[in-house]
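Asker: Got a structure here, written out as structure tokens. Questions coming.
Number of protein chains: 2
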Amino acid sequence: MPKNRETARATLENLYRIFTVPEARHSTLGAIDRAISDDVAGFLQTHIVALEHSLEDIEADFSSSRIPEEPTFVSEYTEFVKEKLVAQSVHTAAPGFIGHMTSALPYFMLPLSRIMTALNQNLVKVETSKAFTPLERQVLAMLHHLVYQADDAFYAHWMHDSRHALGAFCSGGTIANVTALWVARNRLFAADSEFRGIAQEGLVRAMKHLGCEGVAVLASRRGHYSLGKAADLLGIGRDHLVLVETDDDNRIDLALLKETCARLRDENIRPLALVGIAGTTETGNIDPLEAMADIALELDCHFHVDAAWGGPTLFSERHRHLLKGIARADSVTIDAHKQLYVPMGAGMVVFKDPTALSAIEHHAAYILRHGSKDLGSHTLEGSRPGKALLVHAGLSIIGRKGYELLIDLGIERARTFAGMIRRHPDFELTSAPELNILTYRYCPAAVQQALARADSGRSCRINALLDQVNQLVQKIEREAGKTFVSRTRLRVAAYRRKELTVFRVVLANPLTTDAILAEVLDEQCAIVQQPEVAALLRQVEALCAERAAS
Amino acid sequence: MPKNRETARATLENLYRIFTVPEARHSTLGAIDRAISDDVAGFLQTHIVALEHSLEDIEADFSSSRIPEEPTFVSEYTEFVKEKLVAQSVHTAAPGFIGHMTSALPYFMLPLSRIMTALNQNLVKVETSKAFTPLERQVLAMLHHLVYQADDAFYAHWMHDSRHALGAFCSGGTIANVTALWVARNRLFAADSEFRGIAQEGLVRAMKHLGCEGVAVLASRRGHYSLGKAADLLGIGRDHLVLVETDDDNRIDLALLKETCARLRDENIRPLALVGIAGTTETGNIDPLEAMADIALELDCHFHVDAAWGGPTLFSERHRHLLKGIARADSVTIDAHKQLYVPMGAGMVVFKDPTALSAIEHHAAYILRHGSKDLGSHTLEGSRPGKALLVHAGLSIIGRKGYELLIDLGIERARTFAGMIRRHPDFELTSAPELNILTYRYCPAAVQQALARADSGRSCRINALLDQVNQLVQKIEREAGKTFVSRTRLRVAAYRRKELTVFRVVLANPLTTDAILAEVLDEQCAIVQQPEVAALLRQVEALCAERAAS
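So the protein sequences, as listed, match chains A and B.
For the first sequence, the positions run 1009 to 1558 when my numbering is used.
For the second sequence, the positions run 1009 to 1558 when my numbering is used.
Written as structure tokens, this is what we have:
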């Protein structure tokens, strides 16, 4: 055989191999696969290195812009993944990683994820998903029931109705929020005898038709940044995302909200949607949903609740009262990859009115034909994986009572940690946990006392230095890789609502113990001894010791 | 211990177990997991039942709207998944499943997916993704290079630039197309000395500022339905998605496009974007990209190429010329879960101008801070999984040459199949394959001859009956579960551009052989013998035999 044809044939055979011959059990990738199956916690513990490399160092391993010409052996590539990627990833499941909303996963999620990946269904249409379509419709109904508690006849009628969907399964909370506001916009500018609807005619003609100067989305200043994206995307403009100040507990200020509504009415700006937050991203607080539902009713506008984080609180008999009023929302976002403990990439939005999603319905000749049960006719996304399986698995295996326990545990642990912070002489609680999120900062008792006495100018200078201290502590702690808290900027009531840099803690990992929380504080106390931080703190002390300027 | 506390403690222990104790290897889920690892093809073959149950039957297993109160054993749940879900899913990887764009996966994708799931990184920010962020930036650069072939200095400068991103990783092609048009819209209505930009001020003020009556997106009638969604979502309105007729080969008719542009100019409607298609969803044809780039330049508008399907044709030295002109596009969509053979849920859009995504940039205090390398500041979605690993793996392990082979094989197989259809007396090719997609229909030679002689009225009646025949054949074939083609409605040149129901075939699975293609035709010929279809065909014959009415 001539050399060329021989090479071509060898390449072709290799190609078939990768589609037909599984990784051998003792191959590098097979071994990793088995190690993860047998003990994912141990695998992550062993393979993710604690000490952080600089991002610039890591980038060096990911710097070629050329797609490799020649194939690489799987074993060689696996070594690269192990050493360069896994080792330098973030141990989001570690019980000391309490800074963000990503937590440990139940073990069964991994093999079920593999089943999902192997089946490679596409939920856009029944032809490529079959049983996964009824499954996803059921999951949406279960979440709908969690929020709205409609009766059996309602679900028997709507759950598998080919022309409708009770909600949309999304890649995350952002798409869920965008979908909710998209529906709200399209319903406000619905078709009538003289107008074919905004979906058809566009926003400019829609506004002319309704005779308003603009439309606004209302939420508190603690609203998720996806609301700003939605306002931009939907053509409303960020100017018309009206963020109302919060009260001292990071909940929307109802008096200010009412004032704002009156002002908008005077300006002939039509409220498109009022957004309540059930678990603000930064502090975990819940807006007064019942009162907001009343206001939305008065305004005759869509009431959306962003419960991406806090939605699963409804599982808890003890705490679900915090979300009172949520059943009056027109739409509710709940993320499954947060407190339903599903791997990254699963959000949902459910609508009270089972026909609401018709406002964004679309069809195509080769799929999504009228009358089909294809879920793709009611989603912003097109092709989508079968992630609903993992939500279904969580709801079935953990059950309502299991999730209740997880929710209750997290809230209890947050209260415990708040107590530890309050009792500690060197820390200051900057937002108490309503759910399982709190914020605090490093601020020694003596400085707290000085701040209480200081005038506004001095207080500002001290806090500016403390901001630097806290920022630095968070950075050093993250780089050391033992524990992790995040940080944000927050207006704090005790400091005349000035914005301060604070640590943010999310307690959703059931494996986080009180001992680990104590270690976090100990580690932070140790970090402030480091020269760079200590120098900043000496400046703080000096400022505190100065005689008052006035 | 009192009974209650004992129960509570037992529940708590169970809860910890699901987070800390892996599935045993001989457990039901462990065994399935191992079976999939060892031989996914065999697993799917064994567990997916071929014969289709009715959707109504399947729905009965997914009909409760209540979240179970009590936890379920994993083993019990796994039995349910096996019998009720897996058995009734679609064997998208079967070599006879040639109706949609979902195909077989290379084996290494499964264990790598497990690594990705176990790490549970969140790409929205470096703090929860670390090395995955540079990895994703590299993947975007590789795709950018595939399309635009910029030099090394360009990528050294931009790939890891904290203020920019060369593209956006998305859950799929729809979000990619929406992102491209969002960027196009925001760049058209950019900020200047008298206007703070559409993102800020909204579409109505933007139009006033530019002094135009409307904006339009132009594409051919074969454009993907996501363009309609984007026009709705972005506030442009579906009326302003102007779909230009195609020529006989399903490519945009350039003369008509120019006429349309002139008409829009007269109406003071500003073209927002011209969209070229590189691989239409239904026929796999490629628009004349070079000529379209010229027109976009003349119009001074954004040129987007939807290469969700056809993008990887650039890997092929023999066929990449078909996409000539793509490097002049301002943005290009490529789906990884299509011809990069990555599991469902991975799309990308790359931008020629590395600063283009600044038009939709957004920030938040607790993440996405200015100066961070967080990719979340330039994506429509928020939290996202580390799917980029799987694209990186494909590009590395399969390599450019491996993908080239896959592309060449698919196109060759489509040509082979087209030849088989042309030579077969009972079938009619309705669109020849330019890439690896073709359409055809059942239409016996005698009927083809009769149609050639028939007047318009009779031709219509015959074709209406043939539409029913083809629809029925497709349905029976799908339900039998041995092979699968999809169907769509297509205007066919040979029939005065009347819309006909046709079979649609996508040949991307390297395991599909010529023998399987022959079986598809054989099976369809057998199906037309079934009484219901045969009855329809007798009506067709009767119509053909009638004396011409005129």
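Just so it is clear, CB atoms sit at the ideal spot from N, CA and C, and this is done for glycine as well.
If you're wondering where the values come from, they're calculated on a predicted model, not measured in any experiment.
With 7 Å as the C-beta to C-beta threshold (strictly closer), list the residues of the stretch 1169-1202 of chain A near chain B in chain order.
Answerer: Of all residues in the stretch 1169-1202 of chain A, Ser1179, Gly1180, Gly1181, Thr1182, Ile1183, Trp1190 have a Cβ within less than 7 Å of some Cβ in chain B.
Asker: For a test of the three-state rule: what should DSSP assign to B:Glu1549, helix, strand or coil?
Answerer: Reduced to three states, the DSSP call for B:Glu1549 is helix.
Asker: Alpha carbon to alpha carbon, what distance is there between A:Val1481 and A:Ala1542?
Answerer: Between A:Ala1542 and A:Val1481, the C-alpha separation is close to 11 Å.
Asker: In whole angstroms, what separates the C-alpha of B:Asn1185 from that of B:Thr1341?
Answerer: Roughly 6 Å separates the two Cα atoms.
Asker: Would you say B:Ala1207 lies against chain D (beta-carbon separation less than 7 Å)?
Answerer: Included in the structure are the protein chains A and B, with no chain D among them.
Asker: Examine chain B for any beta-carbon lying closer than 7 Å to the beta-carbon of A:Gln1532, and answer yes or no.
Answerer: Not closer than 7 Å to any Cβ of chain B, the Cβ of A:Gln1532 fails to qualify, so no.
Asker: Consult DSSP for A:Val1191 and reduce its assignment to one of helix, strand or coil.
Answerer: Note: A:Val1191 maps to helix in three-state DSSP.
Asker: With a threshold of 6 Å on Cβ separation, who are the neighbours of A:Phe1425 within its own chain once the five nearest residues in sequence on each side are excluded?
Answerer: Excluding sequence neighbours, A:Phe1425 sits near Leu1525.
Asker: Please identify, using Cβ separations under 9 Å, the residues of the stretch 1515-1532 of chain B that lie next to chain A, in order along the chain.
Answerer: Within the stretch 1515-1532 of chain B, the qualifying residues are Asn1517, Pro1518, Leu1519.
Asker: Name the chain A residues whose beta carbon is nearer than 8 Å to that of B:Lys1092?
Answerer: Here the neighbours are Ala1139.
Asker: Along chain A, in chain order, which residues have C-beta atoms closer than 7 Å to that of B:Tyr1024?
Answerer: Residues of chain A passing the Cβ test: Pro1518.
Asker: Let me check understanding here. Comparing Cα to Cα, which of B:Ala1301, B:Asn1293, B:Thr1491 lies closest to B:Gly1319?
Answerer: Here the closest residue by C-alpha is B:Asn1293.
Asker: Answer yes or no: do A:Asn1471 and A:Leu1508 have a C-beta to C-beta separation smaller than 7 Å?
Answerer: Yes, they are a contact pair.
Asker: Taking DSSP's pairing of strands, which residues face B:Cys1269 in a bridge?
Answerer: DSSP, once it has assigned bridges, lists no residue as partnering B:Cys1269.
Asker: Leaving out five residues on either side along the sequence, give the residues of the same chain with a beta carbon under 8 Å from the beta carbon of B:Arg1449.
Answerer: Correct list, in chain order: Phe1435, Glu1436, Thr1438, Leu1474, Asn1478, Leu1508, Thr1509, Val1510, Phe1511.
Asker: Just to make sure I have the definition right: I need the residues of chain B whose C-beta is within less than 7 Å of the C-beta of A:Gly1489. Which are they?
Answerer: Those within 7 Å of A:Gly1489 in chain B number zero; the least Cβ separation is about 10 Å.
Asker: Compute the distance between the beta-carbons of B:Arg1469 and B:Leu1551, then report whether it is under 7 Å.
Answerer: Yes, the Cβ-Cβ distance between B:Arg1469 and B:Leu1551 is below 7 Å.
Asker: At 9 Å on the CB atoms, spell out the chain A contacts of B:Leu1397, in chain order.
Answerer: Per Cβ cutoff of 9 Å: Val1089, Leu1093.
Asker: Straight-line CA distance for B:Ser1366 to B:Lys1332?
Answerer: Near 28 Å, if we compare the C-alpha coordinates of B:Lys1332 and B:Ser1366.
Asker: If we define contact as Cβ-Cβ less than 7 Å, is A:Tyr1233 a contact residue for chain B?
Answerer: With 7 Å as the cut-off, A:Tyr1233 counts as an interface residue toward chain B.
Asker: Report yes or no: do the stretch 1266-1282 of chain A and the stretch 1223-1234 of chain B share at least 3 C-beta pairs separated by less than 8 Å?
Answerer: With a cut-off of 8 Å, the stretch 1223-1234 of chain B and the stretch 1266-1282 of chain A do not count as touching, because too few Cβ pairs lie within range.
Asker: Can you tell which of B:Pro1296, B:Thr1289, B:Ala1095 has the C-alpha that lies nearest to the C-alpha of B:Ile1334?
Answerer: The candidate whose alpha carbon is nearest that of B:Ile1334 is B:Pro1296.
Asker: When you compare each of B:Val1155, B:Ala1139, B:Ala1270 to B:Arg1336 by their alpha carbons, which one comes out closest?
Answerer: It is B:Val1155 whose Cα lies nearest to the Cα of B:Arg1336.
Asker: In chain A, what lies closer than 7 Å to B:Thr1110 by C-beta?
Answerer: What B:Thr1110 touches in chain A: Asn1128, Asn1130, Thr1136.
Asker: Got a sec: which bits of the stretch 1044-1060 of chain A sit with their beta carbon under 9 Å from any beta carbon on chain B, in order along the chain?
Answerer: So the list reads Ile1044, Ser1045, Asp1046, Asp1047, Val1048, Ala1049, Phe1051, Leu1052, Ile1056, Glu1060, given in the order they occur along the chain.
Asker: Nearest to B:Leu1152 by alpha carbon, out of B:His1217, B:Arg1328, B:Leu1174, B:Thr1520?
Answerer: The amino acid at residue 1152 of chain B is misidentified as Leu; the sequence shows His. Among B:His1217, B:Arg1328, B:Leu1174, B:Thr1520, the Cα nearest to that of B:His1152 belongs to B:Leu1174.
Asker: Pull out every residue of the stretch 1275-1308 of chain B whose Cβ sits closer than 9 Å to any Cβ of chain A, in chain order.
Answerer: So the list reads Thr1289, Glu1290, given in the order they occur along the chain.
Asker: Can you find a C-beta in chain B that's less than 7 Å from the C-beta of A:Gly1236?
Answerer: Interface residue, yes.
Asker: Do we get a CB-CB distance below 7 Å when we pair B:Ala1149 with the residues of chain A?
Answerer: So yes, B:Ala1149 belongs to the interface.
Asker: Where does A:Arg1505 fall in DSSP's three states?
Answerer: In the structure shown, A:Arg1505 sits in coil (DSSP, three-state: anything other than H, G, I, E or B).
Asker: Is it the case that the Cβ atoms of A:Arg1145 and A:His1168 are separated by a distance below 7 Å?
Answerer: Yes. Within cutoff.
Asker: What residues of chain A sit near B:Glu1031, judged by a beta carbon separation below 9 Å?
Answerer: Those within 9 Å of B:Glu1031 in chain A are Ser1045, Tyr1115, Phe1116, Leu1118, Pro1119.
Asker: With a cut-off of 7 Å, does the C-beta of B:His1153 fall near any C-beta of chain A?
Answerer: Chain A contact via Cβ: present.
Asker: At what residues does the beta strand (DSSP E) containing B:Arg1122 begin and finish?
Answerer: Taken as a continuous stretch (DSSP letters only), B:Arg1122 belongs to no beta strand (DSSP E), being part of the alpha helix (DSSP H) at 1117-1127.
Asker: Spatial neighbours of A:Glu1325 within its chain, please: CB distance less than 8 Å, with the 5 preceding and 5 following residues excluded, ordered by chain position.
Answerer: Result list for A:Glu1325: Glu1412, in chain order.
Asker: Among the residues of its own chain, which have a CB less than 7 Å from the CB of A:Met1150, if the five just before and after it don't count?
Answerer: Answer for A:Met1150: Leu1403, listed in chain order.
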